[in-house]
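When we follow the UniProt record's numbering, the leftmost residue of the sequence shown carries the number 1, and every step to the right adds one. Glycine is no exception: its CB is placed at the ideal position from the N, C-alpha and C atoms.
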Amino acid sequence: MTITPVYPPKPPTIQQSLPPPRADRTIDKVVFGNICFRTWYPSYYGKEVLGDASGNSGKGGSKDTGGKDHPGGKASSRKDRDHPPILERLHVCPSCFKYSKELVAWWGHVRMCERKAYVPGRKVYVHPRGRRKVLVPQDNKAPGAKKRRGEGGARYVEEIVQDDGEWSIWEVDGEKDGLFCQNLSLFAKLFLDNKSVFFDVTGFNYFLLVYTPPAKPPSAGTIEDHPPTPQITGFFSKEKMSWDNNNLACILVFPPWQRKGLGALLMGASYEISRREGILGGPEKPISDLGKKGYKRYWSGEIARWLLSLNLQEPNAGHDVLVDVIECSQATWIHPDDCLMILRDMGVVQEAGVGPGKPEIKELSEEAAVEKVEGATPAGEEADKVVKMVPRVRVDKQAVRRYVSEHRINLERTCDAEGFVEGYAIKAPNVNDEEEVEEEES
Numbered sequence: 001m002t003i004t005p006v007y008p009p010k011p012p013t014i015q016q017s018l019p020p021p022r023a024d025r026t027i028d029k030v031v032f033g034n035i036c037f038r039t040w041y042p043s044y045y046g047k048e049v050l051g052d053a054s055g056n057s058g059k060g061g062s063k064d065t066g067g068k069d070h071p072g073g074k075a076s077s078r079k080d081r082d083h084p085p086i087l088e089r090l091h092v093c094p095s096c097f098k099y100s101k102e103l104v105a106w107w108g109h110v111r112m113c114e115r116k117a118y119v120p121g122r123k124v125y126v127h128p129r130g131r132r133k134v135l136v137p138q139d140n141k142a143p144g145a146k147k148r149r150g151e152g153g154a155r156y157v158e159e160i161v162q163d164d165g166e167w168s169i170w171e172v173d174g175e176k177d178g179l180f181c182q183n184l185s186l187f188a189k190l191f192l193d194n195k196s197v198f199f200d201v202t203g204f205n206y207f208l209l210v211y212t213p214p215a216k217p218p219s220a221g222t223i224e225d226h227p228p229t230p231q232i233t234g235f236f237s238k239e240k241m242s243w244d245n246n247n248l249a250c251i252l253v254f255p256p257w258q259r260k261g262l263g264a265l266l267m268g269a270s271y272e273i274s275r276r277e278g279i280l281g282g283p284e285k286p287i288s289d290l291g292k293k294g295y296k297r298y299w300s301g302e303i304a305r306w307l308l309s310l311n312l313q314e315p316n317a318g319h320d321v322l323v324d325v326i327e328c329s330q331a332t333w334i335h336p337d338d339c340l341m342i343l344r345d346m347g348v349v350q351e352a353g354v355g356p357g358k359p360e361i362k363e364l365s366e367e368a369a370v371e372k373v374e375g376a377t378p379a380g381e382e383a384d385k386v387v388k389m390v391p392r393v394r395v396d397k398q399a400v401r402r403y404v405s406e407h408r409i410n411l412e413r414t415c416d417a418e419g420f421v422e423g424y425a426i427k428a429p430n431v432n433d434e435e436e437v438e439e440e441e442s
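See the structure below:
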């Protein structure tokens, strides 16, 4: 099979995916350690932070304030709803996510908190250090293709970076570290439109993405050198018991660390945990618009890598290999519905009419099953399989390669399965089940 080379296109122009600030925001900016950035959505912080936004303060708490007898009150309440009071800056500790409106008291807390260099929970994953590709905004003064006048969005180019510190994932139990998880959830709501769990965190585990910078060499004249301060850059949450087999409830990489491939790392970790647990699932639906973009990119990379790895020279296969969505799902641990959606979205499938599908195991009646166990069925295993005529599509590897090249999809695995601690999330076999198997064999 001859594959024509597909040359990489020009650097892509990625439209700004940051949502415009909502008019109903209650906090304008957050100071996160030594970084200040704008919020996206309204918050659920209490009145001790935001004050009384009901419009009834100073009215004595009267129930009929702003009623028909108080036309001025009605207009005032409508104004408060349309333009709620906004706190200019909220200071949030980058280590424990405690918050304050007062700069001096907050800064003293941050200094003490950072000296501890403490991350709650336990470390479950360490990402291998190495070189990786990230998308960075292109400076118009730098050499290369320039942004043309009238061209929307910012132009991004690939850049290879070297990891000097350690990227790790820490698992935090919402029941054991409830206050931390509540504060984390309140902070995340500033950048997630559809997040609804803030205080009842006992049923969730939180997986923190932590960057620890390399230790500095001891400096002369210092008595005590503090360990490097770990930086929490994002997280995803997961229900402890999900009836829908969701492997992720919400995911967020904090704005200063976005567009660095860290969201894909968290997605890959969630699917690797599902694989270890033996549970096929996916993210909780519906997914936010920003989350959809990240998941489509992650899913297309996983599926494209699997499709391109298929061997077209199998015996008796000719030039085509027959696979189905179930095989794709089993190989990637992506739900079959998500596999179908992303294959259609990639535009790499063509209708191929109706043809024989993959052989399916035929369900046997109780009498036939007994005869097979006793060896009374001479037809062998082939008698238990049935081939149905099904609608088929054709997937061309060249089209897959073209899609990967045009969309700059990274085919490398985002999460290293060997990076997890030994035995993590792998359920030990049940002793009772083993005894039942031994009894059946005997």
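- Of 86, 269, 291 and 157, the smallest CA-CA separation from residue 424 is found for 269.
- Cβ contact annotation for residue 231 (same chain, cutoff 6 Å, sequence separation greater than five): 211, in chain order.
- In this structure, DSSP gives residue 113 a helical state, which the three-state scheme calls helix.
- Segment contact: the region 279–299 against the region 247–255, three or more CB-CB distances shorter than 8 Å; contact assigned.
- Between residue 96 and residue 180 a beta carbon distance of about 6 Å is seen, short of the 8 Å cut, so the two are scored as contacting.
- Spatial neighbours of residue 86 in its own chain (CB-CB distance under 8 Å, excluding positions within 5 residues in sequence) are listed in chain order as 25, 26, 27 and 28.
- Judged by DSSP secondary structure, residue 355 falls within the beta strand (DSSP E) whose first and last residues are 349–356.
- The beta-carbon separation of residue 279 and residue 343, rounded to 23 Å, does not stay under the 8 Å limit for a contact.
- Residue burial is scored here from C-beta neighbours: residue 199 has fewer than 16 other C-beta atoms within 10 angstroms and is therefore classed as exposed.
- Taking the Cα positions, residue 292 is about 22 Å away from residue 402.
- Sixteen is the threshold: when 16 or more other Cβ atoms of the shown chains lie within 10 Å of the Cβ of residue 299, as they do, the residue is buried.
- The way I'd put it, the region 158–166 doesn't touch the region 184–197; fewer than three beta-carbon pairs between them come closer than 8 Å.
- Taking C-beta atoms as the reference points, residue 170 and residue 124 count as a pair closer than 8 Å.
- For the pair residue 36 and residue 91, the Cα-to-Cα distance works out to about 9 Å.
- Excluding sequence positions up to five before and after residue 356, its CB lies within less than 7 Å of the CB of 387 and 389, all in the same chain and listed in chain order.
- Contact check for residue 265 and residue 251: beta-carbon distance about 11 Å, past the 8 Å limit, so the pair fails to qualify.
- With contacts defined as CB atoms closer than 8 Å, residue 229 and residue 114 qualify as a contacting pair.
- When rounded, the separation of the alpha-carbon atoms in residue 31 and residue 42 is 16 Å.
- Only exposed fits residue 421, as fewer than 16 other CB atoms lie within 10 angstroms of its CB.
- Taking the Cα of residue 116 as reference, the smallest distance to any Cα among 226, 122 and 205 is reached at 226.
- Taking residue 306 as the centre and dropping the five residues before and after it, the same chain places the C-beta of 328, 331 and 332 closer than 8 Å to its C-beta, in chain order.
- Under DSSP, the beta-bridge partners assigned to residue 100 are 91.
- Beta-carbon to beta-carbon, residue 101 and residue 172 are separated by about 26 Å, too far to satisfy the 8 Å threshold.
- DSSP, read as helix, strand or coil, puts residue 263 in helix.
- Straight across, the Cα-Cα distance linking residue 287 with residue 295 is about 9 Å.
- Taking the C-beta atoms as reference points, residue 325 is found no nearer than 8 Å to residue 310.
- In chain order, 425 place their CB closer than 6 Å to the CB of residue 273, counting only its own chain and leaving out the 5 sequence neighbours on each side.
- In its chain, beyond the 5 residues on either side, 409, 410 and 411 have a beta carbon closer than 7 Å to the beta carbon of residue 301.
- The alpha-carbon separation between residue 359 and residue 187 amounts to approximately 51 Å.
- In its chain, beyond the 5 residues on either side, 91 have a beta carbon closer than 7 Å to the beta carbon of residue 103.
- Cβ-Cβ separation between residue 203 and residue 174: approximately 7 Å, consistent with a contact (criterion under 8 Å).
- It is roughly 46 Å from the alpha-carbon of residue 242 to the alpha-carbon of residue 217.
- Exclusion of the five residues before and after residue 354 leaves 389 and 391 as the residues of its chain whose Cβ lies within less than 6 Å of its Cβ.
- Residue 157 and residue 260 have their C-alpha atoms spaced approximately 12 Å apart.
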